[in-house]
Amino acid sequence: MTAWTSSAPPEALPSTPQEVRVDPVPPPVPPVGVRRLLRSRLVIASAVALGLLVAACIAAPLWAAAVAGTSPERTNASPDDTVVVDGEERSVLADDGRPIGPTWGRRFFLGADDEGRDVMVRLLYGGRASLAIGIGAALLTALLAVPLGLVAGYLRGPIDAVVTWALDVIWAFPVVLLGVALGVALALGGLKIGPIEIAGGSRLIPLLVIAVVYIPYMARPIRAQVRSLAEREFVEAARAQGAGPVRIMVAELLPNLTSTIVALVPLLMANAILLEAALSFLGAGVQPPDPSLGTMLRDGIERLTTAPHATLVPGLALVAAVLSINLLGDGVREALEGDAVADGS
Amino acid sequence: MRAVVRATYYIALRVSFRRSKLCKAARPPANSAQPPIVISRPEPPLTMRTKTIKALAVSLALAVAPALAACGEREPTSGGPASITIGLSAQPDALDPALSYAPEAWESLWLVYTPLLTYRHAEGEAGTELIPGLAEDLPTISDDGKTYTLRLREGLEYSDGTPVKASDFEHAIQRVLNLESPGTPFFTGIVGAEDYVERGKPKADIEGIETDDDTGEITITLTKPDGTFSNVLAMNFAGLVPGDTPFEDLTKTPPPGVGPYELTDSEPNREFVLERNDSFDLPGIPRGQIDRITATIVKDPRRATEDVISGRLDYIVDPPVPDQLAEVRERYGDRFKEFTTISTYYFFLNSRIEPFDDPKVREAVNYAIDKRAIARLFGGLMAPTCNFFPPGLPGYQRLDPCPWGDPNAAPDQERARELIREAGAEGAEVTVWGNNEPEPERVTEYYADVLNQIGLDAKPKVIDSSVYFQTVGNERTEAQTGFANFFQDFPHPANFMTVVDGDAIQPTNNSNFGNVDDPEINAGIDRLSKEPDLRAVKDQWAQLDRQLVEDAWLAPYGNRMLTTFMSERMDFDRCSLVHPLYQNDYTSFCLK
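Printed below as a string of structure tokens:
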């Protein structure tokens with residue numbers, strides 16, 4: 003499954019009575035995996051879809067300013083706020099608060115929400131927030147979980163016990179419940195750790211919350227794999243060369259965790275985007291009036307039957323984002339497995 | 013008595029169930045245009061067995077005939093016991109008169125625990141008239157306005173048959189004070205009430221309440237004159253309960269009271285039951301027309317509305333969700349109505365904190381908000397207003413012209429921007445507070461957007477509704493501006509003025525969120541509150557309302573509208589009285 007490598011070249015090893023077998027350094031280009039990746043239409047399609055989503059979200063200010071001429075927070079609830087549809091002037095919100103549906107024009111291309119805000123503009127900005135939080139949270143999880151898994155798995159003993167216990171504590175809580183608890187508490191008072199201070203309404207709060215609740219989901223597989231790797235010959239060889247624990251963890255073990263990390267990160271990204279949507283839907287994620295796919299779903303839910311566009315649009319965007327990331331992740335994982343097969347592992 | 017009523021009810025339920033089965037069997041198919049084919053046969057000779065069967069059949073036919081005649085109706089129009097089911101979206105805070113401070117509970121409790129004084133069961137201004145409840149007459153007030161004397165009616169009994177005594181009144185007030193009820197502040201003006209609270213002993217005497225069980229006389233002495241005290245005596249908190257009622261929250265086992273209904277069953281978070289109190293008979297207070305009202309907790313408001321449409325519920329306390337409102341208005345308009353409550357929704361503007369310490373900024377806000385837009389954010393269930401006092405409140409006089417422009421016309425945002433520039437407040441950072449209930453959240457976001465449009469740098473902060481008012485009422489929060497509303501406790505302008513009374517500002521649990529502290533208004537409240545004859549000073553109260561609005565101490569924008577939505581079997585046209593204080597009056601409910 004995994005491509006075992008060693009940073010030390012075989013000729014650099016000291017001569018010992020018992021020869022230590024070291025796997026050869028893999029060739030610089032893994033052609034099998036890349037070819038497999040490029041051959042998969044599903045992977046290409048999902049990569050293109052994700053790329054388009056990201057590009058659209060990056061271009062959100064452009065659409066808002068140049069096309070729709072509004073901002074994501076701008077409300078249009080007054081009877082004087084109108085839009086021309088098929089030559090007819092119509093209120094953005096009806097007297098009973100019912101928002102206008104998609105106009106397919108420059109303004110309110112995908113309709114308005116229950117405060118008369120442009121759904122298309124909010125979708126682009128909201129998608130940006132959701133993707134940023136999802137990707138950021140997954141990367142932060144990896145950044146925190148990998149060292150924890152490495153340290154716990156390699157050093158073992160009391161450190162392993164403490165880390166494992168801490169991970170078990172986080173794992174014991176249902177993800178959404180823990181996320182809501184942390185999100186609600188921090189959304190009101192913000193977070194202050196030493197010199198670091200994050201305001202309550204900041205998007206960094208849901209990012210941090212999601213990153214923390216997913217740490218066990220990455221740290222535990224990493225730890226398990228490190229425990230297994232630590233018994234391998236190349237680690238013994240490095241130890242025999244006099245390498246210390248830090249060097250072994252960084253130079254010997256970490257490179258061998260690459261495929262696991264690459265396989266887990268897209269999964270985490272998809273889950274983080276979903277969790278962000280759930281937290282924001284429940285009021286514990288992105289705080290109003292900032293848009294995210296979750297807050298848009300929440301805003302639209304009261305008008306599910308009379309203005310379904312306000313819920314369907316962010317819902318479909320959420321499905322598209324998560325599906326494309328998952329498919330891309332699957333493709334990358336299969337490609338890496340292909341590499342491993344090609345390497346003869 | 014209670015057991016008999018319950019047994020009758022279950023028999024009625026069974027009869028009703030059988031009748032519905034029989035009705036289904038007896039009804040012809042809906043599309044049966046052809047007359048039924050009848051084949052005549054010769055009469056068989058009567059045997060003992062057939063005689064018996066015939067006799068049984070005749071008896072059965074006689075027994076079910078009235079039921080068959082009433083096919084198509086779930087309940088009889090008259091005669092038999094009638095029961096309905098109503099839906100509440102949440103369990104009321106308490107089903108104990110000493111503790112409950114929630115409108116959805118008051119709607120029921122005022123029919124169970126009649127105080128010494130109460131309100132006429134009528135719509136509009138007539139419903140704000142105080143009438144004697146358990147007292148023989150309205151109170152006699154001493155010349156100094158401090159002593160209230162009442163006499164209990166003779167021969168009163170609680171729903172369980174216990175005689176009502178004058179001393180039960182003191183016991184009811186002791187329960188309010190001892191249980192740290194939200195009603196406590198209304199009674200601390202009684203001589204010795206604060207000492208009683210401090211001592212914490214339930215059975216200790218409240219010096220200012222003298223009762224005589226023999227004569228039924230009740231004398232209440234206040235520390236200072238209070239023109240609202242008659243209204244306080246009519247609050248549910250002062251509803252009489254037997255003198256041996258324990259000092260604890262009795263939501264699970266509500267105590268007996270004197271009223272058109274009695275609370276016979278209570279399962280918190282599931283349902284509670286009101287059964288008609290057949291022994292109740294007080295002049296001026298109608299008896300209930302429905303025998304049994306089951307109040308069920310239906311947490312999903314969408315389902316609750318669907319249940320009314322389908323007939324599973326007969327009435328819902330909360331309005332349909334916005335998604336269903338249009339459909340209900342269009343399709344069920346014959347059993348749906350909207351009414352304006354005596355309430356005011358407003359934005360508080362903290363006059364102690366920048367930038368709202370500058371009157372020009374407060375004026376700018378009043379010029380900028382579009383009340384028509386806010387009405388739409390409430391799904392149309394908000395009546396735009398200029399006044400702080402709501403229509404229907406004694407002392408309300410419509411401000412016309414409104415100093416900030418017609419509430420039903422476009423706002424003057426240009427003027428607002430000018431004022432912000434003049435005040436030098438452009439770009440001032442403002443946190444707009446709101447809670448996460450759907451409508452307040454929408455309004456908070458809209459309001460922040462408006463402030464940004466007139467030149468401020470506003471950001472909404474939406475927090476959970478359960479902690480919202482405590483949070484913005486804490487001086488450490490330093491809330492600059494945000495959502496606020498006030499529903500009357502009783503129909504008296506002094507009650508509304510508590511949220512703008514500078515003398516009532518406190519560091520925590522402050523209800524004067526904007527720290528309104530105008531010496532003239534404070535003095536006016538103090539002076540007018542002492543006047544027992546409200547009619548004599550109505551114009552002066554109206555003047556205070558005008559001053560409050562003209563000085564832009566706050567930004568009122570509307571009066572909340574609520575709804576009455578009933579099932580098809582309810583007689584909506586004849587039996588849906590909306591009381592100005594207690595909303596839908598269940599004693600008026602009846603079936604077709």
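Sequence lines, in order, name chains C and L. Under the working numbering, the first residue of the first sequence carries the number 3, and numbering increases by one thereafter. Under the working numbering, the first residue of the second sequence carries the number 13, and numbering increases by one thereafter. Cβ atoms here follow ideal geometry from the backbone N, Cα and C, with glycine treated the same way.
With distances taken Cα to Cα, identify the nearest neighbour of residue i among the options.
i: residue 135(C); options: 272(C), 310(C), 299(C); result: 272(C)
i: residue 248(L); options: 109(L), 446(L), 507(L); result: 109(L)
i: residue 293(L); options: 259(L), 222(L), 169(L), 93(L); result: 169(L)
i: residue 75(C); options: 125(C), 69(C), 171(C), 51(C); result: 125(C)
i: residue 442(L); options: 366(L), 148(L), 284(L); result: 366(L)
i: residue 129(C); options: 63(C), 233(C), 68(C), 247(C); result: 63(C)
i: residue 317(L); options: 531(L), 332(L), 239(L), 397(L); result: 332(L)
i: residue 193(L); options: 125(L), 259(L), 324(L); result: 259(L)
i: residue 293(C); options: 457(L), 537(L), 148(L); result: 457(L)
Can you list, in chain order, the residues of its chain whose CB lies under 8 Å from that of residue i, leaving out five sequence neighbours each side?
i: residue 265(C); result: 331, 334, 335, 338
i: residue 591(L); result: 131, 133, 134, 135, 139, 597
i: residue 105(C); result: 85, 87, 111, 113
i: residue 534(L); result: 513, 514, 515
Using beta carbons (cut-off 8 Å, strictly below), is residue i in contact with chain C?
i: residue 338(L); result: yes
i: residue 334(L); result: yes
i: residue 384(L); result: yes
i: residue 503(L); result: no
i: residue 422(L); result: yes
i: residue 80(L); result: With a pLDDT of 40 at residue 80(L), under the threshold of 50, the modelled position of that residue is not reliable, and the figure given next carries that caveat. False, the Cβ-Cβ gap to chain C never drops below 8 Å.
i: residue 458(L); result: yes
i: residue 602(L); result: no
Might you give, ordered along the chain, the residues of its own chain that have their beta carbon closer than 7 Å to the beta carbon of residue i, omitting 5 neighbours on each side?
i: residue 205(L); result: 189, 199, 218, 220
i: residue 427(L); result: 379
i: residue 45(C); result: 39, 329, 330, 333
i: residue 1(L); result: No information on residue 1(L) is available, as it lies outside the stretch 13 to 604 that chain L covers here.
i: residue 106(L); result: 112, 117, 261, 263
i: residue 567(L); result: 358, 359, 361, 377, 378, 381
For residue i, which residues of its own chain have a beta-carbon under 6 Å away from its beta-carbon, when the five flanking residues on both sides are left out?
i: residue 337(L); result: 391
i: residue 100(L); result: 116, 307, 309, 329
i: residue 489(L); result: 483
i: residue 601(L); result: 302, 587
i: residue 78(C); result: 94, 118
i: residue 349(L); result: 576
i: residue 171(L); result: 268, 274, 289
For residue i and residue j, what's the separation of their Cα atoms in angstroms?
i: residue 542(L); j: residue 237(L); result: 5 Å
i: residue 559(L); j: residue 416(L); result: 13 Å
i: residue 75(L); j: residue 129(L); result: Per-residue confidence for residue 75(L) stands at a pLDDT of 42, beneath the threshold of 50, marking its modelled position as unreliable; the derived number appears in the next sentence. Rounded to the nearest angstrom, the two C-alpha atoms are 47 Å apart.
i: residue 546(L); j: residue 510(L); result: 16 Å
i: residue 237(C); j: residue 231(C); result: 7 Å
i: residue 212(C); j: residue 223(C); result: 18 Å
i: residue 300(C); j: residue 326(L); result: 30 Å
i: residue 583(L); j: residue 347(L); result: 8 Å
i: residue 613(L); j: residue 172(C); result: Since the first residue of chain L shown is 13 and the last is 604, residue 613(L) is not available in this structure.
i: residue 612(L); j: residue 215(L); result: Chain L is shown from 13 up to 604; residue 612(L) falls before or after that span and cannot be answered.
i: residue 580(L); j: residue 120(L); result: 22 Å
With a threshold of 8 Å between beta carbons, is residue i in contact with chain L?
i: residue 98(C); result: yes
i: residue 80(C); result: yes
i: residue 116(C); result: yes
i: residue 143(C); result: no
i: residue 291(C); result: yes
i: residue 336(C); result: no
i: residue 314(C); result: no
i: residue 146(C); result: no
i: residue 306(C); result: yes
i: residue 41(C); result: no
i: residue 157(C); result: no
i: residue 285(C); result: yes
i: residue 281(C); result: no
Given 7 Å as the limit, tell me if residue i has its C-beta closer than that to any heavy atom belonging to the ligand MG.
i: residue 327(L); result: Of the ligands one can find in the structure shown there are none, so the ligand MG has no counterpart to examine.
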